[in-house]
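Chains A and B, in that order, give the protein sequences.
Count along the first sequence starting at 1, add 457, and that's the number in the working numbering.
Count along the second sequence starting at 1, add 457, and that's the number in the working numbering.
These notes concern the structure reproduced below.
Number of protein chains: 2
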Amino acid sequence: MSELRKDPIIGRWVIISTERGKRPIDFAMDIERKKGGFCPFCPGNEDKTPAEIFALRDKNTRPNTPGWSLRVVPNKFPALKIEGKIDRQGVGVYDMMSGIGAHEVIIESTNHDDTLSTLSIGRFMEVLYAYKERMLDLKKDMRFRYALVFKNQGAAAGASLEHSHSQLIALPIVPKRVTEELKGAKEYYNYKERCIYCDIVRQEIRDQVRVISENSMFLALAPFAPKFPFETWILPKEHHSSFEHTSSDSNELLAKIFSEVLNKLDKVLNYSPYNFILHTSPFKENNNEYYHWHFEIMPKLTRIAGFEWGSGFYINPTPPEESAKFLRETTI
Amino acid sequence: MSELRKDPIIGRWVIISTERGKRPIDFAMDIERKKGGFCPFCPGNEDKTPAEIFALRDKNTRPNTPGWSLRVVPNKFPALKIEGKIDRQGVGVYDMMSGIGAHEVIIESTNHDDTLSTLSIGRFMEVLYAYKERMLDLKKDMRFRYALVFKNQGAAAGASLEHSHSQLIALPIVPKRVTEELKGAKEYYNYKERCIYCDIVRQEIRDQVRVISENSMFLALAPFAPKFPFETWILPKEHHSSFEHTSSDSNELLAKIFSEVLNKLDKVLNYSPYNFILHTSPFKENNNEYYHWHFEIMPKLTRIAGFEWGSGFYINPTPPEESAKFLRETTI
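Next comes the structure, spelled out in structure tokens:
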């Protein structure tokens, strides 16, 4: 059983896998990641994953057989377990709770060699649709307060399987990074009665120095204070607090700008590994005036070292005005 | 000139090197780090580093010549520049300031093949002494509010030169990670009138499940909610808020436990790369009842991926009770 443990000083939670505790020797083995070989996400191997939760598939095909174009399955080695109830307890000065949550894998394509960047716009829309459907479904489970969608592209970005997939983890607590953003956004809203992200969108469209791409509904930009070189955010131009409640009419334009950005990053950074995350409002605050959902794409180009761990600062050798210019001017 | 830029939502600062902006091609070159070859930190090459700020050297030897056992020099490629004044300005919704700070390198040994673990206790004491002396000196510069000592051991942990060294960055702001710890510690103190770290020390000594080693003045432990496998903290058993004002009488016992822990980690984790950081009170709060200085040692065994970036949570596959047991029982 996993445990959620809280750092008693700063209140950050960590997930401790007490079940498959890694011994020192296990870490060395992690370094060798299999290339080629058997892939549990390829069509025909549906019985090698846990049973599917959701799929987009041809009519008249049965679950867990070929005929799908996208599948969502539970993670075979979940960070948190879906069964059980939330059990909070103190251990002296410390706090912990049982490691309950959902950990799902979104298999984005049948083709082992696809990446999100190579998908057609129609297929990319399916991925976005799947994110929404899974979030709406998990929201019904009253034990959960947040669902985080994220993707690790490439082994250096933490992907343990080559076949293109995203992940979703539903949590019994709102994670620290989201809480920090909510707090900042609320403070700004209380002071100005405007959403800070809406103000950023307006300023960036006016300045046009950190804009990478835009269409009638979405903006892709290099943030003013990026942690990483070539960090890119995608956000709706209008105020929308919850991704999963944003009208599906916008999926096509989101897929277009998202695909464009990933293809530009692939070209400029020579297929650099990357992570992306979706930040949206917590389940219980899904319709509000202060928070604004967005994707953050973080290419894996630099190392996090002692200074970053100790300070929470980041040293970024590429000004966002330069990375935006590179990406804006790159044709795909 | 570097810039300090503030994330407008969560208030985290980043350092943007506008001067040597990295183009995409530059990142690929970073991957090949030189092994062997010329070392600017070896004796005889003193003129290849900026002029020394501090050194422990034989009597009758001149600065920037051989005869030293430890040297402190400015970083040749500093993240922040020492010259100039703090200039704060707004850019629409954003905030920035000039990138003023000190970035120093502590060269820990004359021997290119040493690591901190291979130093004698006497030489390790010199390193701790140098940290203190540099912090006390930088504290006189009224532009600075904090000095962060850290070490990157091994290329995978971010070290760009093999020759064993630590670094120190003095900053015009108290970094976010430290602010978070101060805030948590102050809240606890306001509520209980006790230092939270002192309470942790007492509980850990009583429980003896996460203790790695202890002597009359210091405790080495695996924290209850570690971000990383085999994360280890070293802290004084008595309340001390500032490292640089802790009596030098304690240096020998600190060097002993620190060296012991690093040697145990080397043995158990087969010389894994690691980072360590020193957290102490900000310059202006150097004598207080709520904060407690400590070192955090973080072996580099796992990858930070999308979930961690998006949530601020960490998934740790090794319970601290197990890592502490491994380290406690390992003989060196």
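In this text, a Cβ means the ideal position worked out from N, Cα and C, and glycines have one as well.
For clarity, every value in this text was computed on a predicted model and none was experimentally measured.
How is I691/B classed by DSSP in three states: helix, strand or coil?
Three-state DSSP puts I691/B in a strand.
Nearest chain A C-beta to Y771/B closer than 8 angstroms, yes or no?
yes
Going by DSSP in three states, R462/B sits in which element: helix, strand or coil?
strand
Starting from the Cα of T788/B, find the closest Cα among V606/B, N517/B, S716/B and give me that residue.
Among V606/B, N517/B, S716/B, the Cα nearest to that of T788/B belongs to S716/B.
Between which residues of its own chain and C655/B is the CB-CB distance below 7 angstroms, once the five residues before and five after are set aside?
Scanning its chain for C-beta atoms nearer than 7 angstroms, with the 5 sequence neighbours on each side dropped, one finds around C655/B the residues H696, H749, in chain order.
Between T518/A and R580/A, what straight-line distance do the alpha-carbon atoms span, to the nearest angstrom?
Separation of T518/A and R580/A (C-alpha to C-alpha, rounded to the nearest whole angstrom) is 19 angstroms.
Any chance the segment 627-636 of chain B sits against the segment 602-617 of chain B, with 3 or more Cβ pairs inside 8 angstroms?
yes
Spell out a yes or no on whether the segment 668-681 of chain B and the segment 777-788 of chain B are touching, meaning 3 or more CB-CB pairs, one atom from each, closer than 8 angstroms.
By the criterion of at least three beta-carbon pairs nearer than 8 angstroms, the segment 668-681 of chain B is in contact with the segment 777-788 of chain B.
Taking the C-alpha atoms as reference points, what is the distance between D552/B and R462/B?
6 angstroms
Measuring straight from C-alpha to C-alpha, what distance separates Q660/A and E671/A?
14 angstroms
Could you confirm whether any beta carbon from chain B is found closer than 8 angstroms to the beta carbon of V668/A?
Not one chain B Cβ lies under 8 angstroms of V668/A.
List the residues of chain A that Q660/B touches, going by C-beta distances under 7 angstroms, in chain order.
G549, V550
Measure how close the beta-carbons of R528/A and I564/A come, nearest whole angstrom, since I'm counting them as under 8 angstroms.
5 angstroms
Spell out a yes or no on whether the segment 616-626 of chain B and the segment 636-652 of chain B are touching, meaning 3 or more CB-CB pairs, one atom from each, closer than 8 angstroms.
By the Cβ test, the segment 616-626 of chain B is not in contact with the segment 636-652 of chain B, since fewer than three Cβ pairs between them sit closer than 8 angstroms.
Select from I557/A, I467/A, G494/A the residue whose C-alpha is nearest the C-alpha of S459/A.
The residue with the shortest Cα to Cα distance from S459/A is I557/A.
With 8 angstroms as the limit, tell me which residues of the segment 709-739 of chain B have their beta carbon closer than that to any beta carbon of chain A; keep them in chain order.
Answer in chain order: V725, L726, N727, S729, N732, F733, I734, L735, H736.
Looking only at its chain, what residues have a beta carbon closer than 8 angstroms to the beta carbon of G468/A, apart from the 5 residues adjacent to it on each side?
K633
Would a check of beta-carbon distances place K643/B closer than 8 angstroms to chain A?
no
According to DSSP, is S780/A helix, strand or coil?
Here DSSP, grouped into helix, strand and coil, assigns S780/A to helix.
Output the distance between the C-alpha atoms of E489/A and V718/B, rounded to the nearest integer angstrom.
Confidence at E489/A is low in this model, with a pLDDT of 43, below 50, so its placement is unreliable and the value that follows should be read with caution. Each residue's Cα considered, the two are about 28 angstroms apart.
List, in order along the chain, the chain A residues whose C-beta lies closer than 8 angstroms to that of I557/B?
By Cβ distance, chain A contributes nothing, its closest Cβ being about 14 angstroms from I557/B, past 8 angstroms.
Could you say if the segment 724-737 of chain B and the segment 686-700 of chain B meet the contact criterion of at least three C-beta pairs nearer than 8 angstroms?
yes
At a Cβ threshold of 8 angstroms, is L605/A touching chain B?
yes
In chain order, what residues of the same chain have a beta carbon less than 6 angstroms from the beta carbon of V562/B, not counting five sequence neighbours either side?
V530, N532, H622, Q624
Are there 16 or more other CB atoms within 10 angstroms of the CB of G767/B, so buried, or fewer, so exposed?
buried
List the whole-angstrom C-beta distance separating F681/A from P774/B, where the pair is believed to meet the contact cut-off of C-beta under 8 angstroms.
About 36 angstroms; that fails the 8 angstroms criterion.
Name the residues in the segment 645-657 of chain B whose C-beta lies less than 9 angstroms from a C-beta of chain A; which are they?
Y645, I653, Y654, D656, I657
Considering only residues of the same chain and omitting the five flanking positions on each side of D515/B, which have a CB-CB separation below 6 angstroms?
G524
Report yes or no: is there a C-beta of chain B within less than 8 angstroms of the C-beta of D464/A?
yes
Going by DSSP, what residues sit across from R528/B in a beta bridge?
A512/B, I564/B
Give the straight-line distance between the Cα atoms of G547/B and D664/A, rounded to the nearest whole angstrom.
14 angstroms
How big is the Cα-Cα spacing for H751/B and S698/B?
9 angstroms
Inspect the beta-carbon positions of S617/B and T567/B and report whether they are closer than 8 angstroms.
Contact check for S617/B against T567/B fails: the beta carbons are separated by 8 angstroms or more.
Output the boundary residues of the beta strand (DSSP E) element that contains K608/B.
603-610
Buried or exposed for K721/B, please, with buried defined as at least 16 other CB atoms from any protein chain shown within 10 angstroms of its CB.
buried
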